[in-house]
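Q: One structure, as structure tokens, below. Some questions next.
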Amino acid sequence: SQPPRNQLRGWRELAHISKSYLNRPQLMKQKLKEWRRLYPQHPAIDDMYKTLVERKIEQPIQTEQIAVLLPLTGRYSAAGNAIRDGLLAAYYAARAKGESTQVRFYDTASTADINVLYDQAIADGSKVVLGPLRRDKVTSLYQRGEFTVPTIALNYTELDQTYKNFFQFSLSPEDEVKQVAERMWRDGYNSVALISPQGGWGDRLLTAFEKRWKEYNNVELDIYRYDEKNEGIANSIKRVLNIDTSKQRVRDLRRVLGRGIKYSERRRKDIDVIFVLGVSNKDAAQIRPQLKYFGADELPVYATSQIYSLSMNRRMTRDMDGILFSDMPWMLGTSQGAQGLRQALNKSFSIEQSPNIRLYAFGVDAYRVLPILRNLQLSPFERYEGATGYLHVNKQRHIERELEWAFFNGGEVQPITELVTEPES
């Protein structure tokens, strides 16, 4: 039997209509009319319903023929092929429902000049271009400054100018750490001890996090860098907790007193959260045991998606109990519209063992977001529930992702569902 039609269900159904029929305006108006008949007294009628009925709906991007520019051979081919296969999975699923889009692939490794390949795709009749992937090629394409068809680059350029018809989409780790900063601030934390690997990768993420954190909180970050190859994260935990300082105080006292003294290692008490930024799952598995050993197992630990892979063994995940991290719905099993594609791809390519598993989801979303891209641009608060996250378009025409949250519990990953419940009407 159907659940009762209460306010909460009304909100959910209205949200579903707004997302599912964004590129089908006539069908959306029909569904909205049916919704209003079912919920004549719903509080959303005066605000959200009216906005949906009256808002301008852009014509969907024409996708009769799509050109996809990816590195399909050479050094970056593993990434390019993963995106291609994810895109093709979404493409064949759409064709099974009656869509007639044609897709043509162009190997960006075949020429040094991306503009030549782009011009060839347009000459071949493509109405939309997806790609390229590498940042240097995105920048080269971006500098042409004029785009006659919608073009969605699969990376971000560092240049600031925006152009009509040019969008940028990326699985940016910088965007991810910014969301961690916002989450920790919302959760009420102030004094953050941050652990990050040394090198360019860690530098990039650290810079992005520091910039966003300062927008929320003026408390200085306590930063610890470590050498992944030679040092490992265990020593960083000791430094975070000031265990080495505690030991040094005892050595100084022994030297002054001239005799042995009994002591127990004592950790600092002035930090309230640890953030491990860009840390691998192998290193992350050492964090909780170390904290427990030094009597600090009550400290909350936040992390980025790098700590999680579907190929992790149970012993490793048990050692990570309590760690909170962000990741895409594709990884957490919460993407209702894409789980069938993940299962099919895993059956064909064993993607759950692949280091590029998230790139398959990137290909899925790159294909699926195309028809509604202009409407996302028109409605900055609109979200598309994608495999890589909840997608929206900002003022710079970047397709940004909002990730989901999960934590390790008893060796299992448990997604966090954050619903605001309402009383029944």
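Residue numbers are given in the working numbering: position 13 of the sequence shown equals residue 13, and the series is strictly consecutive.
Note that CB positions come from ideal geometry on N, CA and C, so glycine has one too.
Model, not experiment: these values are computed from the prediction.
1) According to DSSP, is Asn6 part of a helix, a strand, or is it coil?
2) Would you decide whether Asn313 is buried or exposed? Buried here means 16 or more other CB atoms lie within 10 Å of its CB.
3) Residue range of the beta strand (DSSP E) that Met167 falls in?
4) Measuring CB to CB, does Gly411 end up less than 7 Å from Thr334?
5) In terms of residues, what are the limits of the beta strand (DSSP E) holding Pro289?
6) Using a Cβ-Cβ cutoff of less than 7 Å, which residues in the same chain neighbour Tyr21 once the five nearest sequence positions on both sides are dropped?
7) Alpha carbon to alpha carbon, what distance is there between Glu210 and Lys229?
8) Going by the beta-carbon positions, is the gap between Leu130 and Ala366 smaller than 7 Å?
9) Helix, strand or coil for Arg144? Go by DSSP, reduced to three states.
10) Below 8 Å on the Cβ atoms is my contact criterion, and I expect Ser354 with Ala82 to pass it. Report the Cβ-Cβ distance as a whole number of Å.
11) Any chance the segment 191-199 sits against the segment 215-228, with 3 or more Cβ pairs inside 8 Å?
12) Span of the alpha helix (DSSP H) holding Asp175?
13) Is Leu359 closer than 7 Å to Gln179 when the C-beta atoms are compared?
14) Looking at the structure shown, is Ser379 part of a helix, part of a strand, or coil, going by DSSP?
15) With a cut-off of 8 Å on the beta carbons, I'd call Leu370 and Val53 a contact; round off their distance for me.
16) Would you report the Cα separation of Val138 and Gly363, rounded to the nearest angstrom?
17) Can you give me the start and stop residues for the alpha helix (DSSP H) that Ile223 sits inside?
18) Taking the C-alpha atoms as reference points, what is the distance between Ala123 and Gln62?
19) Verify whether the separation of the beta carbon atoms of Phe105 and Leu194 is less than 7 Å.
20) Give a yes or no on whether the C-beta atoms belonging to Ser170 and Tyr156 are separated by under 7 Å.
21) Distance, Cα to Cα, Ser309 vs Ala284?
22) Run the CB neighbour count on Arg288, radius 10 Å, all protein chains shown included, and call it buried at 16 or more, exposed below.
23) Hey, Pro71 and Ala109 are a contact pair by Cβ (cut 8 Å); roughly how many whole angstroms apart?
24) Excluding sequence positions up to five away, which residues of its chain have a Cβ less than 8 Å from the Cβ of Asp160?
25) To the nearest angstrom, how far is the alpha carbon of Met184 from that of Phe294?
26) Between the C-alpha atoms of Asp113 and Phe381, what's the straight-line distance to the nearest angstrom?
27) Quick check on the DSSP output: what are the complete beta strand (DSSP E) runs of length 3 or more inside the segment 54-142, in order along the chain?
28) Once DSSP output is grouped into helix, strand and coil, what is the label at Arg401?
29) According to DSSP, Ile271 sits in a beta bridge with which residue or residues?
30) Would you decide whether Gly86 is buried or exposed? Buried here means 16 or more other CB atoms lie within 10 Å of its CB.
31) Go ahead and label Thr417 buried or exposed: buried means 16 or more other beta carbons lie within 10 angstroms of its beta carbon, across all protein chains shown.
32) Based on the DSSP output, what are the partners of Thr151 in its beta bridges?
33) Assign Glu78 to buried or exposed, taking buried as 16 or more other Cβ atoms, counted over all protein chains shown, within 10 Å of its Cβ.
34) Check whether the Cβ atoms of Ala234 and Trp213 lie closer than 7 Å to each other.
35) By Cβ distance, which residues of its chain are closer than 7 Å to Glu64, with the 5 residues on each side in sequence left out?
36) In the DSSP assignment, what residue or residues form a beta bridge with Leu324?
A: Quick answer:
1) Three-state result, Asn6: coil.
2) In summary, Asn313 is exposed, with fewer than 16 beta-carbon neighbours lying within 10 Å of its beta-carbon over all protein chains present.
3) One point to set straight first is that residue 167 is Phe, not Met, in the sequence displayed. Here the beta strand (DSSP E) through Phe167 covers Phe166 to Phe169.
4) Taking 7 Å as the Cβ cut-off, Gly411 and Thr334 do not qualify as a contacting pair.
5) Taken as a continuous stretch (DSSP letters only), Pro289 belongs to no beta strand (DSSP E), being part of the alpha helix (DSSP H) at Ile287 to Tyr293.
6) The residues are Leu27, Met28 and Lys31.
7) One C-alpha to the other measures close to 25 Å.
8) Contact: yes.
9) Arg144: coil per DSSP, three-state reduction.
10) Taking the Cβ atoms as the reference, Ser354 lies roughly 7 Å from Ala82, within the contact range of under 8 Å.
11) Cβ pair count under 8 Å is three or more, so yes.
12) Secondary structure note for Asp175: its alpha helix (DSSP H) is the uninterrupted segment Pro173 to Arg186.
13) Against a cut-off of 7 Å, the Cβ pair of Leu359 and Gln179 comes out as no contact.
14) Ser379: coil per DSSP, three-state reduction.
15) About 25 Å separates the beta carbons of Leu370 and Val53, which is beyond the 8 Å limit, so they are not a contact pair.
16) C-alpha separation (whole angstroms): 17 Å.
17) Careful: Ile223 lies outside any alpha helix (DSSP H), inside the beta strand (DSSP E) at Asp222 to Tyr226.
18) Between Ala123 and Gln62, the C-alpha separation is close to 16 Å.
19) Going by C-beta atoms, Phe105 is not nearer than 7 Å to Leu194.
20) Going by C-beta atoms, Ser170 is nearer than 7 Å to Tyr156.
21) Answer to the nearest angstrom: the Cα atoms are 12 Å apart.
22) The residue is buried, with at least 16 neighbouring Cβ atoms inside 10 Å.
23) Confirmed, Cβ separation roughly 5 Å.
24) The answer, listed in chain order, is Gln396.
25) Rounded to the nearest angstrom, the gap between the Cα atoms of Met184 and Phe294 is 23 Å.
26) Straight-line Cα distance between these residues: approximately 37 Å.
27) Correct list: 65-70, 102-107 and 128-130.
28) Residue state, collapsed to three classes: strand.
29) DSSP, once it has assigned bridges, lists no residue as partnering Ile271.
30) The residue is buried, with at least 16 neighbouring Cβ atoms inside 10 Å.
31) Label assigned to Thr417: exposed.
32) Within the DSSP bridge table, the entry for Thr151 names Val129 and Phe166 as partners.
33) It is worth fixing the name first, because residue 78 is Ala in this sequence and not Glu. Ala78 is exposed by the Cβ-count criterion.
34) No.
35) Closer than 7 Å at Cβ, skipping near neighbours: Thr101, Gln102 and Lys127.
36) Residue pairing of Leu324 in beta bridges, as defined by DSSP: Tyr302 and Phe407.
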